[in-house]
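Here is the structure we will look at.
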Amino acid sequence: MDSKYSPSPSAAKTGSEWTWGDWLGQIRCRLGSGRMNYGVEPGLYRLGDPDKSSDVFVSANYKLSFDVLRRALGGMNAWILVLDTKGVNVWCAAGEGTFGTDELVKRIIEADLSNVVAHKKIVVPQLGAPGVAAHLVKQHTGFKVLFGPVRAEDIPAYVAAGREATSEMRTVRFPLSDRLVLTPMEIIPSLKVYPAFALAAFIFFGLGRDGIVFQNGWIDGRPFLILGLLAIFAGALLTPALLDVLPSRSFAVKGWLAGVAVVAASRFAGVAGHGPRLDGFSFLFFPLASSYIALQFTGSTVFTGMSGVKKELKYAVPVYIAGASVSLVLLLAYKLKQTGVL
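Quick note: the sequence shown uses numbering that gives the first Met the number 0, first residue 0, plus one each step.
And the structure:
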């Protein structure tokens, strides 16, 4: 490093090693706790002992994105420019527009980056490419945007190769291990709703001409409590695990198929089977619940862009509403028949 060079006074110091707090923060985020408030201050950071020739890497201000990047840069001297993505990761923020051209230009100018480095190059993660117009960044700041590899762990090899990415580095992969890591964020929100569903089922099946009979509520409602858990399992765990096996590109359809499979399996196991109305309800309501839960997983993947999500919602939401309405009619018909009204 040039002895006359002084690091930018506006750049905060960071390191590549994770603390216990960082590890615990990652676990909390994976479990969905505080994920929406897990961010770092936007701006310029220095890792190691960077100078005017050091690379500049761009990150979202979602702390887990920032942490993964700085850990991947271990042993390197580099600058990290953090954009204000409202605490959202690179891929999602690029789709929402917060990881975008305007924000990148703004941060380059605010950090006075042209006086921090001499090479006029900035490395943007490939998953942020949908939000960044490289030619406009060049036009407004003079900096050339280089799109780095998909995975932060490939950055050292990318830099060693003269900032040339191989086809392997450009390939977006979503292996089973990555999918399973994300499933707690889908399971836990669904389980938070489950007690309300369980209470409603208990009241519905216990309700009779003489009021609520607790024994009936438990005995008659128990199979549907099991089906509720199976629907969560199918949508939040089975669908992500079998993402590359289940047919259709639609997450809603994949989740529905997984839901049908678990309801059918429960029927053979003796869990379901209570007459045509309740059977119809089971095969209609619970697969649609699995479908809805699986649809939430769309935002965790890099396979579906914002337009794809909107397209799925356009067709899926009316189906969910219609399915819920028919399910309610089937339940009412069952209850009226049971109480002798029909």
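Glycine included, each C-beta is placed from N, C-alpha and C at the ideal position.
By how many angstroms is the C-alpha of residue j removed from the C-alpha of residue i?
i, j, result
"Ala200", "Ala264", "21 Å"
"Leu377", "Arg29", "The displayed coordinates of the chain run from 0 to 341. Any statement about residue 377 would go beyond what the structure contains."
"Leu256", "Leu63", "33 Å"
"Ile121", "Arg70", "19 Å"
"Asn60", "Leu112", "18 Å"
"Phe196", "Ile292", "15 Å"
"Val57", "Glu109", "14 Å"
"Ala117", "Lys51", "5 Å"
"Ser247", "Ile231", "20 Å"
"Gly14", "Leu198", "49 Å"
"Ile79", "Thr97", "17 Å"
"Lys191", "Gln295", "15 Å"
"Met0", "Pro49", "At Met0 the pLDDT is 44, less than 50, meaning the model places this residue with poor confidence and gives no usable figure here."
"Val325", "Ala268", "26 Å"
"Lys85", "Pro155", "28 Å"
"Thr165", "Gly147", "10 Å"
"Ala10", "Val259", "54 Å"
"Val244", "Ala251", "14 Å"
"Gln25", "Leu68", "14 Å"
"Leu23", "Val81", "22 Å"
"Lys309", "Trp17", "37 Å"
"Leu329", "Leu242", "31 Å"
"Leu327", "Arg266", "21 Å"
"Ala315", "Ser249", "10 Å"
"Ile320", "His273", "24 Å"
Does DSSP classify residue i as helix, strand or coil?
i, result
"Asp209", "coil"
"Ala321", "helix"
"Ala160", "coil"
"Tyr61", "strand"
"Gly94", "helix"
"Lys105", "helix"
"Val171", "coil"
"Val180", "helix"
"Thr100", "helix"
"Arg45", "strand"
"Ile225", "helix"
"Gly38", "strand"
"Ala77", "strand"
"Lys119", "coil"
"Ala110", "coil"
Starting from the C-beta of residue i, find all residues in its chain whose C-beta is less than 7 Å away, skip the five residues before and the five after it, and write them out in chain order.
i, result
"Gly207", "Asn215 and Thr338"
"Val136", "Thr100, Leu103, Val104, Phe142 and Val144"
"Pro194", "none"
"Leu175", "Ala240"
"Met168", "Pro148, Val149, Asp153 and Tyr157"
"Gly38", "Asn60, Tyr61, Lys62 and Gly86"
"Ile211", "Ile202 and Gly205"
"Phe213", "Gly205"
Contact check, residue i vs residue j under 8 Å by CB: the rounded distance?
i, j, result
"Ser281", "Val262", "6 Å"
"Pro41", "Val89", "Actually they do not touch by this definition, with Cβ atoms about 13 Å apart."
"Ile202", "Leu236", "Wrong, their Cβ atoms sit about 28 Å apart, outside the cutoff."
Give me, in chain order, the residues of the same chain whose beta-carbon lies closer than 6 Å to that of residue i; leave out the 5 immediate sequence neighbours on both sides.
i, result
"Leu277", "Tyr333"
"Gly73", "Ser15"
"Gly234", "Gly254, Ser289, Ile292 and Ala293"
"Val318", "none"
"Gly220", "Ala200, Phe201 and Phe204"
"Gly322", "Leu283 and Leu287"
"Trp217", "none"
"Asp21", "Asp66"
If you drop the 5 nearest sequence neighbours on each side, which residues of the same chain put their C-beta closer than 8 Å to that of residue i?
i, result
"Val158", "Asp54 and Met75"
"Leu228", "Tyr193"
Are the stretch 88-100 and the stretch 122-137 touching by the rule of at least three beta carbon pairs closer than 8 Å? yes
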